[in-house]
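Written out below as structure tokens is the structure these notes cover.
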Amino acid sequence: METLGSFSLSDLLRLSRPVTGTASLNPASSPPLKRIKLDQNLLLNPSLSRKSFTPISLPVLLVGTVNFFSEASSHRTGSCLNHCLSFSDSSATICCYIVDFDPRVIGQEIHVMAWNYLPIKQGEGQGVLEIIQWRFSSPDTAPLRGFSLSLESAQDSGVKASSFAFGLVKSVSLTFTLPIENGKTGEMGDSVGFLAELLTCMCDKCAKMRPSNEKSGLHRFTESKVVYFIRPTHKWRPVVAKLVGKVMYLWGLKKRLVVVGKESYVMLVSTIKTKVSLCDSVVSDLPTDHSKRGAYRGIVTGIYLHGAVIELDKKVWLLIHDTLLVPHHSLRIGATVSVRDFHFVHANFAWTKVIIVGTCVMTSFCIDSFAVSDTKVLVKTEEKSALGTFVESLNLSAKFWILLSVSCFKYKFRAVLSDKELLGSINSAGLVQTYSSRSLPPDVFRPHNSMFMAYCNHDQCTYSSGHDQSKCKLIVPLSNFVGRCEELWISIQSEMSESDEVHCNNTCDGISYPGYRRRIIPSDDFGCILMGNIQACSSSGRLQLVDATGNIDVVIPDLPSDLSVQTIYEVKDYKVVLEGFGIEGDNSMYEFGEPLSCHAIFKRQTYRKRIHGLMLYVQFYLKDSVCLASPSRAPSNLPHSENHGPNHLLVISHKFPLTNKFPFNSAMSICSSLFAEALIFPCKFKRSENGELIQLGKFQDALDFSKRDHKKASEKGPWLAPCSLASRNGGVSATTLCQFNVDSSNYMVSKSLARILLEFKCENFFSYQMLRIGGYYFLNCSEGFNPTRVCKCWEKGGSFVVTGNTLQSLSLSFSDDVNQKEPSGTSSDELVLLKSLSELHEIVDLKSVSQGITKLLPPSQVLSVSSCLQHMFHQNRNLYGSTDLGEQRLAQGDLISVCGDVEYFHDNDCDSVSLTASKCLKIPNPRGNNICIHLADDNQMVVIRGNLSRKLFPIGFGVGASATFHRLLLTCSSNRKEKLLLTPVTYIEITSVRKVKTNRGPNQQMFKVDSLIESLCHLPPLGLFSDLHNKDSKVTRFCCRILTLNVLVLESCMIGSSPAYKIPLAGFVLDDGSALCNCWTDNDLASTLLSLRDICSSFFSSDFSSLERAPKRLLASGLCHCSDDYSNYKNTVGYYLDHILKKHHKVIVKNHGVSLDICQDLLFHSGSGKVFSILEERLLNYIILSSCHGPTFIATGLVMDASATKQFDAYISESAVLRGCMQNIWIREVACVDPLKDAFNLILDLKNG
Amino acid sequence: MATGWSSRMTHAKLLAAELLSVTVYPSSPPSFSIPRRSPSSISRAEILGVVVSLESKPKFVKFLLDDGTGCVPCILWLHPLLPPSDNDPTPELLRLQARTVRLGEQLRVRGRITLYRAQLQITVADVFVEKDPNMETFHRLDCLRLAKRSYHLHKDAFPST
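Protein chains in written order, with UniProt numbering: chain P, 1 to 1249; chain Z, 1 to 161.
Here's what the structure looks like:
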């Protein structure tokens, strides 16, 4: 027969790890016991983690005695006093908790058949034994009589204790300490004990203490009596608490009047003679009329904040009233618990709804089964703090909210604030308490009583059953907030996929692009409060709200210059913008698991941004936010009043955007510096103590000094800023040379201002974000004021490294300043990202400061889209274009600023405007994708193209954004079409964004049409040959076809070693439907009109016998190579022409025919004097006839006067003169008809008359 | 529009309805003029339409070109009037062009306006296949522009389409 191992408790304590053991699954068998020594070798798997239970490999049982802890025991903690019994053998004593509790076990030796042991790390040599199955050591030792508790040693003490009680145990309080004063002797002391409420029967027999012989049905337990178990009977609390719901006798009590404050209570108080026994014959249920309280049994799924919050069944939140109730050693995740007599609240918070179960002084709480996986024993380590007292003074829902807030605060600010700063100490309040006391409404506070008073007056309990706590918002960890936003974005995508909106793609140049979506969600829809530091990201330069969990991009329209990055801001009123293109693929692949759920918050689940195509940012005003961490530093929009040093006044002329220096390695894409360009006034100012501006020195003197090298003030001119662009390594770099000319006598000479470069290091990116183009700022001067010498700050070409307080914002607003756009955003669908300068800051009347400054020319004029188009149309296109610079092309043009609404943008990888060949060669462009932006106002639209990485998009850039593009390059393409290009210095300023309307109405046109109309604005109308005699000498476009040839001159030449041809002159008769016209051209254009580059295989490979032989005959005559190297070229007309000219050197073809229908009168002249073969003549005839059967095309040409045509007289035959009486034009450009585009052009032409 | 010789050699861009309503002046060869237009006569025209009827013979290809305003009979002779010389590829080119005349094809046709059995037709000089359907719109607008600016048609003279 197998033996059972038995070991001492000291072995268990020495092992100091979670261990589980069992004797046998069959409790009936009782094998012989064998004393063993427990060590690591007996463990089934000793290598298992010390955080999980390790089974013992042998059948073992523990032998020991269960009893109360003695008063002098060193093991006793608050938890043990309330819940634990002691289990001891000859070697040690430990805590124990018995699931299958029998009160008769007290004082008896038992065999523990199945058990868990957990060491308590708080102190050495402590542990808790969880007894799952047990039995008395032998049937002999099992008590024959019923349960009875008494202090046997004190029964004969002579104390008078005649009172008794018989009743149903309704509730048992926790053990507490009460300072008392003996009414008779006046002695002071502490009373340790607990209260138990009994419902007693008022029948006569019960009153005479004879209930045992009666049937239970005759008793009515209705009268409440409170029994106060004081020392030494207070140690009975773990047993009495398990007798709730049972009927018991109590003898040896005394009736006492207990006075607490002004209240007095008559109650039964235990004595040393008190005896407790159960009345098994009388059974009664607890009355159910206490509807506010109930019972709940569930599995623990989470324990948070040292046991103050317990999650049951992942749906119910159990709030522990007093932390004395826990930590219960066996309260671990996975345990089944029963709670009785609690308060129930269905709380409606702003962001979620939760079920809260709150314990109170009467709640009983017991473990029904132990956890098997979790081995973390809760230990009460902290003294009750001021925050704990504050929490206890709140009602249930507010209490839950503040506990959640504690978790959030600790989670969010653990890196910047200490626990003491966050949670406070015993005497001082921390950030959580001060914030909560300010945020919570007064009706959530309830009077806080001692446990004695609370127990005795429980009927007036202030807990209510339902709360609408919509004012309580979640102080959300930013990581969870980002997760929630992404979750929303996915749900938006799903909703749109189910509707028709998914089909609303956009087109550009006939290519369809996916639809762009934007949602603006107000803070009320989230029910969350954002909290964190405002910082500028060192890699993206963007402003961000940051906490320890994550960050989120923010836009602050009223960003002041004195924002502290150390301050924690509370943002209640904000708007979240979600925008981006539709997500391809299955939305179900994204699983977020409710980022704002209380479970996720308490458990501190982290989320990281997963949807790359989503642009997510938050807009809020700083004036609506609250400083938390440094309340003394309220946000201010005014310049530092404490700064009394001299300042320079400067105006920001440009901000240079962030550039991606290391595009192929995202880890290195950290920008070290950002730059801005400013114009600095040649004088200094000082802010007086009362806040007024004082000018130091005379402005005129400084101006005179500055005039030494600037132009005459009387010059008038536009705001041109000539620019040259050179392409290097696929990117584009620019050098600008701005000149600010004088506009009127009232304007200050801008050139007299020194231009400086402001440099912003990583730590001061915030200052860069604060700057606005066109905004005025004070620059702290480090030199002080010296009237006799010019400040170094004012040296032209100087640069400054901006530090924290170098710049202070100032607003100067001139009444006729047309540069500022009116503030928008009044519509609910529109969101302001940037306030106009005039409404941003305090306006300083500079006129009163200095009469010398009346007005400063705006650094650059911002054009609307319509005026931009007008500007493009009226510009002389000859100024623009590109010139070859080695292998690169140099774009030339003006730098302009344009504002409008972004109608659409998309990648445009195959666009022809790319300045280099890198795109064609599929070389990754270090500057990002080639994008196409459609910018519109109410009437017109322009297309802006260029390279821009999506990582460098400014916040808010997207469809529906109101944007200003500073320093765009207006240039001209090879086909004389003006275009706007992004350059590396182009700065995009987003003023506002609006909700994107994706439901496109049937009458709304797609972008294709807008794009065409926009491009047509550049095209001059088509002219007519019949009108040429009325025209001035001007380049005109004609839609025409070739009717016949006048003359063709072909010459041979050599390109390298290969024979080639050139066309010095070609004269055609063109027909446009209105008249005929002699048109002259040469070389490339002539070659195009003659289709010499076209494949002529259709002609030579036709099934006409004579022509089938053509290649062979050509080969035979030496005119043709059979090499495959010419596989393409040899099939062209030009190929054969090369070889004809090799023989004749020069060929002149003249048309002597009068008729225009056929070309039978062509005469061929050979430069070498050789005779043309029939085949050669056929080929030349073929070339000319084919060109006469060609398509309609657009010819752009200039009318030639008589003197110009004289040079062609030698080539023109008499018959051609007979055909004459026509105008002559010189063709400059030939293009195919774009039927759609040219048709719109015709519509405009017809419309304009 | 140009006058005299140039006018007669120019291919007037016309819609079918307009072409079919020209006034014929009996002469040899007959001359034509468009009603309510400048007095200059025309002899050549350019039309654009879809081939809706086709008759191929060894010597000619006869087809109807429909531009939405009417159907214009066209005839493409496969042999030139004068016998071709060896160095003249005209017959081959004409045959190549004849091959492009297929039912449903959109063609731009130039040629002389002639009469055959008192019915107006186009004697085709060249045929060009227009692949882009937008060319029809462009041609109509071009006809309108020319009518307005060069042919000086009255507004009500332009056929309603």
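Just so you know, even glycine gets a beta-carbon here, dropped at the ideal spot from N, CA and C.
Using a C-beta cutoff of 8 Å, does residue i count as contacting chain Z?
i	result
C1120(P)	At C1120(P) the pLDDT is 41, less than 50, meaning the model places this residue with poor confidence and gives no usable figure here.
D547(P)	no
I1042(P)	no
L1246(P)	yes
T1088(P)	no
L1076(P)	yes
V1230(P)	no
D1161(P)	no
A1239(P)	yes
S666(P)	The predicted position of S666(P) is uncertain, since its pLDDT is 46 and thus under 50; a value taken from the coordinates is nonetheless stated next. With 8 Å as the cut-off, S666(P) does not count as an interface residue toward chain Z.
L1092(P)	no
residue 1250(P)	Coverage of chain P is limited to positions 1 through 1249, which leaves residue 1250(P) absent and any answer about it impossible.
If you follow the beta strand (DSSP E) that residue i is part of, which residue opens it and which one closes it?
i	result
T567(P)	It is not in any beta strand (DSSP E) - T567(P) carries neither H nor E in the DSSP assignment.
D133(P)	The sequence given here has Gln at residue 133(P), not Asp. Taken as a continuous stretch (DSSP letters only), the beta strand (DSSP E) holding Q133(P) covers 127 to 136.
R35(P)	33 to 35
N457(P)	That residue, N457(P), is in no beta strand (DSSP E); it is neither H nor E in DSSP.
Under 7 Å between beta-carbons, which chain Z residues line up against residue i? List them in chain order, please.
i	result
G580(P)	Within 7 Å Cβ-Cβ: nothing; G580(P) doesn't reach chain Z, min ~35 Å.
C1039(P)	D142
V1233(P)	F138
L1236(P)	N134
Report the neighbours of residue i on chain P: residues whose CB is nearer than 8 Å to its CB, in chain order.
i	result
D126(Z)	C1188, H1189
R102(Z)	What R102(Z) touches in chain P: nothing, since even the nearest Cβ is about 16 Å away.
Using the beta-carbon of each residue, which ones in chain Z are nearer than 8 Å to residue i?
i	result
V618(P)	Correct list: empty, because the minimum Cβ distance to chain Z is about 48 Å.
I1174(P)	D86, N87
P560(P)	Chain Z residues near P560(P): none, gap ~57 Å exceeds 8 Å.
I1243(P)	L141
D525(P)	Under the 8 Å cutoff, chain Z gives no residues; its nearest Cβ is about 48 Å from D525(P).
Under a CB-based cut-off of 8 Å, is residue i close to chain P?
i	result
H11(Z)	yes
residue 245(Z)	Nothing can be reported for residue 245(Z): it is not among the residues displayed for chain Z, which extend from 1 to 161.
S41(Z)	no
S132(Z)	Strictly speaking, residue 132(Z) in this sequence is Asp, with Ser absent from that position. D132(Z) counts as touching chain P.
Q106(Z)	no
R8(Z)	no
E46(Z)	yes
L78(Z)	no
L93(Z)	yes
Specify, as a first and last residue, the run of the alpha helix (DSSP H) that residue i falls within.
i	result
N1151(P)	From DSSP, N1151(P) is part of no alpha helix (DSSP H) but of the beta strand (DSSP E) over 1146 to 1151.
Y1182(P)	1174 to 1188
M135(Z)	134 to 149
E187(P)	Careful: E187(P) lies outside any alpha helix (DSSP H) and carries neither H nor E.
Along chain P, which residues have their Cβ under 9 Å away from the Cβ of residue i?
i	result
Q97(Z)	H1189
Whose Cβ in chain P lies nearer than 7 Å to the Cβ of residue i?
i	result
R145(Z)	L1242, D1245, L1246
Sufficient close CB pairs (3 or more, under 8 Å) joining the segment 358 to 372 of chain P to the segment 246 to 265 of chain P | They do not touch, by the three-pair rule.
Can you find at least 3 beta carbon pairs, one from the segment 609 to 624 of chain P and one from the segment 545 to 553 of chain P, that sit closer than 8 Å?
-> Look at the beta carbons and you see the segment 609 to 624 of chain P touching the segment 545 to 553 of chain P: at least three pairs across the two are nearer than 8 Å.
The segment 3 to 23 of chain P touching the segment 54 to 68 of chain P, judged by at least three CB pairs closer than 8 Å = Contact between the segment 3 to 23 of chain P and the segment 54 to 68 of chain P is established, with three or more Cβ pairs separated by less than 8 Å.
Looking at C-beta atoms only, is the number of pairs between the segment 44 to 63 of chain Z and the segment 1061 to 1070 of chain P that lie closer than 8 Å three or more?
-> Too few Cβ pairs lie closer than 8 Å, so no.
Is it a yes or a no for the segment 226 to 245 of chain P touching the segment 261 to 270 of chain P, going by three-plus beta-carbon pairs under 8 Å?
-> Verdict: yes, contact present.
Hey, which unbroken runs of the alpha helix (DSSP H) at 4 residues or more fall wholly within the segment 373 to 454 of chain P?
-> Runs found: 386 to 392, 396 to 413, 419 to 423, 431 to 439.
Complete runs of the beta strand (DSSP E) confined to the UniProt domain "OB" (47 to 128) of chain Z [at least 3 residues] | Secondary structure within the UniProt domain "OB" (47 to 128) of chain Z: the beta strand (DSSP E) runs of 3 or more consecutive residues, fully enclosed, are 60 to 66, 71 to 77, 106 to 116 (chain order).
Return the chain-ordered ranges of every beta strand (DSSP E) run that is complete within the segment 751 to 782 of chain P and spans a minimum of 3 residues.
-> The segment 751 to 782 of chain P contains these whole beta strand (DSSP E) runs: 754 to 761, 776 to 780.
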